[in-house]
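In the numbering used here, the protein residues as written are 742 to 1125.
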């Protein structure tokens, strides 16, 4: 008996084996999952969208570049989770990312969610870079896998406290915080900085991060005749507070940290925002030649998403790029292997040079002081 020889095309052979040419090419491609967490719902959702957009831009740029790690072409995938700025939801989101076996985490946005989530990532051995959490406690827990790409509250709050006394000549100072890890932390450091410059007349009041009525607090403060009101919290609370300060006739300078220092504040404060009334600081900042890089990023962001950068998107972008660069240099996307490289990495980012100290804090972090004129955020100075 004669057998007829038949040649089967490779595509058919693969199909018979339950594979495809696409599967073959995918086998040569490594997927790297990057977790990102921010409040995508609730009063701080505009921050969360801004952060997520920064991560999206970075992942798109990395995939367009065609990065290889350990000789394999890499496809980066973003796994986005919503923590609603709530610590309990934050830890649940962290566990979801651990279960998804992400290769690293960018987040969280708030200190109050970052700190409890950081233990979950530490126990799972996953590298975490926060693009915006400023409470010093985050990097004081002894977790070798925890990093941040912005200055911390000691730098930010302390600098604002000194500025309140040295430059604004504050004598009667009122401090309000929202009792969150971020708000309380930055307020504590502001008070330390102000007292270090000789301030003694400081009144402290408290609210929460979802409050909208401040009449009782502000009436108490008005009786003290403050020349400066410092708020430790976010813009969704600062805006209504400024409106009510105007209604009560409190004409004090209003100061705050990076949570207040957003492009959304004029909309939230309305006619409560006077020219040069607000002095706030962003936990980062560029000057000189780096301003061109930042301007280009802002323009690309506007073209990509049709909206302006709120605050942290450039820092999220840099955090993703730092993590990916460490993976490439380590020839591995496994946290245990690229962590030592990340800890010693020096990276020139959109937000400036990035390197970390032994705790994971940003080395030589800068701050940018801003005010508002005509409803527009205006840079005053970049300081260290």
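Built from N, CA and C at the ideal position, the CB exists for glycine as well.
About 15 Å separates the CB atoms of residue 934 and residue 912; that is not less than 8 Å, and the two are not in contact. DSSP places residue 903 inside the alpha helix (DSSP H), whose first and last residues are 894 to 907. Counting of Cβ neighbours within 10 angstroms places residue 1030 among the exposed residues, the total staying below 16.
In this structure, the straight-line span from the alpha carbon of residue 980 to that of residue 1071 is close to 45 Å. Following the DSSP letters along the chain, one finds residue 871 inside the beta strand (DSSP E) bounded by residues 869 to 871.
When DSSP states are grouped into helix, strand and coil, residue 1053 belongs to the coil group. Note on residue 1099: under 16 other CB atoms within 10 angstroms of its CB, so exposed under the neighbour-count rule.
According to the DSSP assignment, residue 1037 belongs to the alpha helix (DSSP H) that extends over 1031 to 1046. In the DSSP secondary-structure assignment, residue 779 is bridged to 823. Look at residue 984 here: in three-state DSSP terms it is helix. Here residue 799 is actually not in contact with residue 789; their C-beta atoms are around 16 Å apart, not less than 8 Å.
Look at residue 1010 here: in three-state DSSP terms it is helix. By the Cβ neighbour-count rule, residue 1081 is exposed, with fewer than 16 other Cβ atoms within 10 Å of its own. Looking from the CA of residue 1102, the closest CA among 1015, 1009, 893 belongs to 893. Residue state for residue 1121 is assigned as strand, using DSSP reduced to three classes. Around the C-beta of residue 959, 16 or more other C-beta atoms lie within 10 Å, and the residue is accordingly described as buried. Cβ-Cβ separation between residue 1060 and residue 870: approximately 4 Å, consistent with a contact (criterion under 8 Å).
Here residue 1089 carries a strand assignment [DSSP, helix/strand/coil].
The beta-carbon distance between residue 930 and residue 983, rounded to whole angstroms, is 22 Å. This is too long to meet the 8 Å contact definition.
Between residue 797 and residue 944, the alpha-carbon positions lie close to 43 Å from each other. If the five residues before and after residue 786 are omitted, its C-beta is found closer than 8 Å to the C-beta atoms of 780, all from its own chain and listed in chain order.
By the C-beta criterion, the segment 1083 to 1097 is judged not to be in contact with the segment 822 to 840, since fewer than 3 inter-stretch pairs fall below 8 Å. Straight across, the Cα-Cα distance linking residue 992 with residue 942 is about 18 Å. Take the alpha-carbon of residue 999 and the one of residue 901: they are about 11 Å apart.
DSSP lists 771 as the bridge partner or partners of residue 815. Annotation for residue 931: the continuous alpha helix (DSSP H) segment containing it runs 922 to 937. Beta-bridge partners of residue 947 (DSSP): 918.
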